[in-house]
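Asks: Going down the list, the sequences are from chains L and C. So the numbering used here is basically just the index in the first sequence, starting at one, shifted up by 27. So the numbering used here is basically just the index in the second sequence, starting at one, shifted up by 797. For each residue, glycine too, the CB sits at the ideal point set by N, CA and C. All of these numbers come straight from a predicted model, not from anything done at the bench.
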Amino acid sequence: MIRGMTRREFIKKGMTLVAVGWTAPSFLTRTALAVNNPWDLAQVVSRPGVPDDRILVVVQMGGGNDGLNTVVPFGDDAYYRARPTLAVPQKDVLRITDDLGLHPGLAPLKELYDRGAMAIVQGVGYPNPSRSHFRSMEIWHTADPEGRIVRYGWIGRYFDSNCPVCERPTVGVNIGPAMPLALQAESGVGVSLENPEAFQWVAGFDGIGAKEELELFRLLNAPAPNEPGTIDFLRHTAMNAYLSSEQVRGAVGAYKGGIEYPNTPFAASLRLIAQMIAGRLATKVYYAHLTGFDTHSAQRGVHENLLEQLAGGVAAFYRDLEAQGNAERVLVLAFSEFGRRVAENGSRGTDHGTAAPMFLFGKGLKGGLYGRQPSLTDLADGDLKHAIDFRSVYATVLDRWLGADPQKILGHNFERVGFL
Amino acid sequence: MGVTLRRFRPTASDPWDQVKAAHLLNRAGFGGTPEEVARLAALPVEAAVEELLNFESVPESFPAPDFTELHGMEDELRRLRRDRAPEAALRSMVQRINRANIVKFQELRRSWVRRMIETRRPLQEKLVLFWHGHLVSGLPETRVAEHMAMQLELFRRMAAGNFKELILAVSRDPAMLSYLDNNTNRKGKPNENYARELLELFTMGVGHYTEQDVREAARAFTGWTFVGNEFVFRRDQHDDGVKTFLGRTGNWDGTDIIDIIFEHPATARFLPRKLWAFFAYPSPEESVVEALAAEFRRQRWEIKPVLRMIFLSEAFFSPQAIRSRIKSPAELVVGAVRLTGATVPDEALVRAMDLMGQRLLYPPNVGGWPQGRRWINTATVLVRYNLGGLLLYGTMPGMPRRRAAPGPVDHLLDADRIRTAGDVVDQLVARFLQSPLDGRRRWALLRAFGTNREDTPWRPDGVASRAQLRSAAHLIMSMPEFQLH
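Okay, here's the thing in structure tokens:
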């Protein structure tokens, strides 16, 4: 059964809203028509052969993950020379080839790798890399290293491309305090939340009464023409929130699940996403955050802990999806804004670098190693040279997972990577 | 040169009035009640601005946070170390100290918000908030609560002082030294974290220096560290070799680097641009930035003259500025408490700001909090709209329920000047929104008083009228218009 509002409920709740709004934005009326079955929108279908119920989960590893200590080139002496205190000892590495292996903190992911449910794309970057957290993150979010003026994110542009359920506010759901640029769309869809309990507006406890107050609340927040930009933006966001609130809390509340997750905020985000997937929220892209990778000093324990959080969270999430029967529908993509310098610094840490591996997880992908491990001796300015442009990974996901046209969204036709 | 920012001259058609006085209080402070706005509006605009700017002359005292207990624990740890106590005892003492610091951080967050609400020097506290978002430090990297308290005091002391001196002071500040790892930046083993952000985020902005400049600056700051609460320069850890920074070659240390930074033209524009965006509107015209930069240079990096130029400019009082900016969570929460006089535990106010995306003393990253529309998403807009519920009814979703009796509301109105429901709406709109509201939305607020008509007689008659008043105030605080100032 499809969850969410029934048509009658919507007419009770939603249509009064349309009625009091005088000039309701078109997305409300279009939404009203499609509300009974979020995954059955006859008017929008992606390419034949690409199922419409596929989901992408993006994991942002904020701060610049140390790629060399994540996928460890333990067969290369240059690695041990560059990292006298930080190198992962050969004997601890979880080997995946004769000279590459995963950090020991990633044991739960090694299991996924061995089952063919994890792809590693090595040496991912872009030309003329920026070592500024902010600029580089912006480049990854907009997929625009040249700095043309792009106001929306690469996923937001996908939402603007007439994709399935793309008119629903919940098409993109971010778990966190701020909407990432990657998800920002011209159409203004997308929902951000941290705490489902707080994701609702409640009327006052006395006065004219909750029902009447709610009615006036809708009136005061109904989008109207000729409003100044910021007011209009606030009204649309409030409407998206109001329309999604009950659906999100309903979806989350409906699924209990029996899978145990590690006790970390990151794992809690993934569990929340698993609940929403189980609750069949009309969502194509979820976004979760794991931050703290900016390890300039005393990196060892901190980085290990972060990798354990990543691995523990993703592995539990994968088990949960398998238990739900949704593992085939979900692809996880994990990235960071840059890797770190090859040589460690004097604080037993690493400074901002360039190319690094990206990770993909899911039952629907072809696991294994892709790309090429960058040379540790042929460096540009002390940093790794990238082998694959990150937009190739985006293009592959857009094309072969989401069934969208990457050229339209990314502006160029990037080579595909073989994991899908 | 020769660029100036046109001065605001009140005229009959563009007067210095309550709307503009409210705007000045919103931006240079945390907003004002109708009484405070009226008092300021009665002064000439120059006098109003000077009163806010010259905050040092306003007496003020708040109790300093007390770290005696933490000092005792640190003494105890030193004693354990000296006596070569077992590893387990040391570890448990360190854990106690860490926990005590976290508790203290929470206390600092609460007392700072309380201070924003009660201060008689609103611009000073507003600037502390600005500096906290510009020269960023905080949890989890800065773990010592006393260092954080010292940094807030530094920002308070130098709030509108000399920017170059502030940059030097913050380069020697323990909270900053630990936040950006300069305490581990040593000769032969440079850590470039502080040097990079000093250039990129604090003084110049990207595009004016090279990666090589970052590395050379990092070398110059080697040996800048702290012991206890004191800055220490460790000569033996300082790289005293020759460095080339921004084209200048010499045996530079951190102070020289700061000197060279302040000789670069980009530096004169960088802070004024950010001050304008914070106090007036984002993306200022280049002519505005040039005028402020010229004044900044002329005044040898004094901040107060730049602020004066901002607050007295025509552009600051233009429609492009007034009621155009989205309040930050701190501005929204502190301002709403001041407007309603609500008595809600400080802990709840801090929690509300957290849920709105501004965890004070816990910045998202070294870039601070993104401003403007970035504050708003589906989650934060609902939390913001629920703030009225917290202030009027004592609870909001996402917080433990502690339904107290609804708070008093009679003081929100000047009862002597009210005859009709329309008068009540007028007074509420003036208090909360400070500019008129269109007819359709006025009508919705009249409905809260059970009428469709402006001229329905209204008189306070106890419980029922107070409940209506709460409903109306709650609805106003759940409107997009209340999110702007």
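Please confirm if the segment 1138–1145 of chain C is in contact with the segment 160–176 of chain L, defined as three or more CB-CB distances below 8 angstroms between the two stretches.
Replies: No, they do not touch.
Asks: Tell me the rounded alpha-carbon separation between H929 (chain C) and F999 (chain C).
Replies: Their backbone Cα atoms lie some 11 angstroms apart in a straight line.
Asks: Show which residues of chain L have a CB atom less than 8 angstroms away from the CB atom of N1162 (chain C).
Replies: The contacting residues are G89, G90, H160, T318 and D321.
Asks: Note the first and the last residue of the continuous beta strand (DSSP E) segment covering R1045 (chain C).
Replies: R1045 (chain C) -> beta strand (DSSP E) spans R1045 to G1047.
Asks: What does DSSP give as the partner residue(s) for Q87 (chain L) in the beta ladder?
Replies: Paired residues: L:H316 and L:F362.
Asks: When the cut-off is 8 angstroms and only beta carbons count, does I182 (chain L) lie next to chain C?
Replies: So, not an interface residue.
Asks: Mark A305 (chain L) as exposed unless 16 or more other C-beta atoms lie within 10 angstroms of its C-beta, in which case mark it buried.
Replies: Counting Cβ neighbours within 10 Å, A305 (chain L) comes out buried, since at least 16 surround it.
Asks: Leaving out the 5 sequence neighbours to the left and right, which residues in its chain are closer than 7 angstroms to R918 (chain C) when beta-carbon positions are compared?
Replies: Closer than 7 angstroms at Cβ, skipping near neighbours: F852, V855 and E857.
Asks: Closer than 8 angstroms is the cut-off here; do at least three beta carbon pairs connect the segment 152–159 of chain L with the segment 402–418 of chain L?
Replies: Short answer: they touch.
Asks: At a Cβ threshold of 8 angstroms, is S1275 (chain C) touching chain L?
Replies: At least one chain L Cβ lies under 8 angstroms of S1275 (chain C).
Asks: Would R262 (chain L) pass as an interface residue toward chain C - the criterion being a Cβ-Cβ separation below 8 angstroms?
Replies: Yes, R262 (chain L) lies at the interface with chain C (some Cβ there is under 8 angstroms from its Cβ).
Asks: Is the number of C-beta pairs between the segment 825–835 of chain C and the segment 920–940 of chain C that are closer than 8 angstroms three or more?
Replies: The segment 825–835 of chain C vs the segment 920–940 of chain C: in contact.
Asks: Give the single residue among C:Q1096, C:D1220, C:L1242 and C:L1129 whose Cα lies nearest to the Cα of L1187 (chain C).
Replies: For L1187 (chain C), the nearest C-alpha among the options comes from C:L1129.
Asks: In the DSSP assignment, what residue or residues form a beta bridge with S1110 (chain C)?
Replies: According to DSSP, which records beta bridges pairwise, S1110 (chain C) is partnered with C:R804.
Asks: Find the residues of chain L that neighbour I1123 (chain C), judging by a C-beta separation of less than 7 angstroms, and give them in chain order.
Replies: Per Cβ cutoff of 7 angstroms: T257.
Asks: Identify every run of the beta strand (DSSP E) within the segment 131–169 of chain L, keeping only runs that are complete inside it and at least 3 residues long; order them along the chain.
Replies: 145–152, all fully within the segment 131–169 of chain L.
Asks: List, in chain order, every chain L residue whose beta-carbon is nearer than 7 angstroms to that of A1264 (chain C).
Replies: Here the neighbours are D233 and G234.
Asks: From this set, C:A885, C:I894, C:E847 and C:A1074, which residue's C-alpha is nearest H868 (chain C)'s C-alpha?
Replies: Minimum Cα distance to H868 (chain C) is reached at C:I894.
Asks: Do K1071 (chain C) and H931 (chain C) have their CB atoms nearer than 8 angstroms?
Replies: Closer than 8 angstroms, so yes.
Asks: So what's N982 (chain C) in DSSP terms, helix, strand or just coil?
Replies: Coil, per DSSP.
Asks: So with Cβ pairs under 8 angstroms, would you call T981 (chain C) a contact of chain L?
Replies: With 8 angstroms as the cut-off, T981 (chain C) counts as an interface residue toward chain L.
Asks: Please compile the residues from chain L whose C-beta is within a distance smaller than 8 angstroms of the C-beta of R1170 (chain C).
Replies: What R1170 (chain C) touches in chain L: T257 and F260.
Asks: Counting only the same chain and skipping the five closest in sequence on each side, list residues whose C-beta sits under 6 angstroms from that of R906 (chain C).
Replies: Counting only Cβ-Cβ distances below 6 angstroms, and skipping sequence neighbours, we find V1147, L1157 and L1158.
Asks: Could you tell me the distance, in whole angstroms, from the CA atom of Q1009 (chain C) to the CA atom of T1019 (chain C)?
Replies: Those two C-alpha atoms are separated by around 16 angstroms.
Asks: Roughly how many angstroms lie between the CA atoms of T318 (chain L) and A845 (chain C), to the nearest whole one?
Replies: Cα to Cα, the separation comes out at about 44 angstroms.
Asks: Listed from N- to C-terminal order along the chain, which residues in the segment 1008–1023 of chain C have their beta-carbon within a distance smaller than 7 angstroms of any beta-carbon of chain L?
Replies: Cβ contacts with chain L come from E1008.
Asks: Going along the chain, which residues of its own chain have a beta-carbon closer than 6 angstroms to the beta-carbon of V120 (chain L), five neighbours each way excluded?
Replies: Contacts found: V99, F101 and G128.
Asks: Does the count of Cβ pairs from the segment 979–990 of chain C and the segment 1052–1067 of chain C closer than 8 angstroms reach three?
Replies: Contact fails: fewer than three Cβ-Cβ distances are below 8 angstroms.
Asks: Please name the residues in the segment 936–966 of chain C whose beta-carbon is closer than 7 angstroms to at least one beta-carbon of chain L, in chain order.
Replies: Listed by position along the chain: nothing, the set is empty.
Asks: Report the three-state DSSP secondary structure of G958 (chain C) (helix, strand or coil).
Replies: Coil.
Asks: Please state if the CB of V218 (chain L) and the CB of V200 (chain L) are separated by a distance shorter than 8 angstroms.
Replies: Cβ atoms of V200 (chain L) and V218 (chain L): closer than 8 angstroms.
Asks: What do you get for Q892 (chain C), buried or exposed, if any count of 16 or more other CB atoms within 10 angstroms of its CB means buried?
Replies: Exposed, since its Cβ has fewer than 16 Cβ neighbours within 10 Å.
Asks: What does the alpha-carbon distance come out to for the pair Q815 (chain C) and V1134 (chain C)?
Replies: Going by the C-alpha atoms only, they are around 20 angstroms apart.
Asks: Indicate the three-state DSSP secondary structure (helix, strand or coil) for I258 (chain L) in the structure shown.
Replies: Note: I258 (chain L) maps to helix in three-state DSSP.
Asks: Taking one C-beta from the segment 224–234 of chain L and one from the segment 1188–1195 of chain C each time, how about it: are there three or more such pairs within less than 8 angstroms?
Replies: Contact holds: three or more Cβ-Cβ distances are below 8 angstroms.
Asks: Specify the secondary structure class of A463 (chain L) as computed by DSSP and reduced to three states.
Replies: This structure cannot settle anything about residue 463 (chain L), because the visible part of chain L is limited to 28 through 447.
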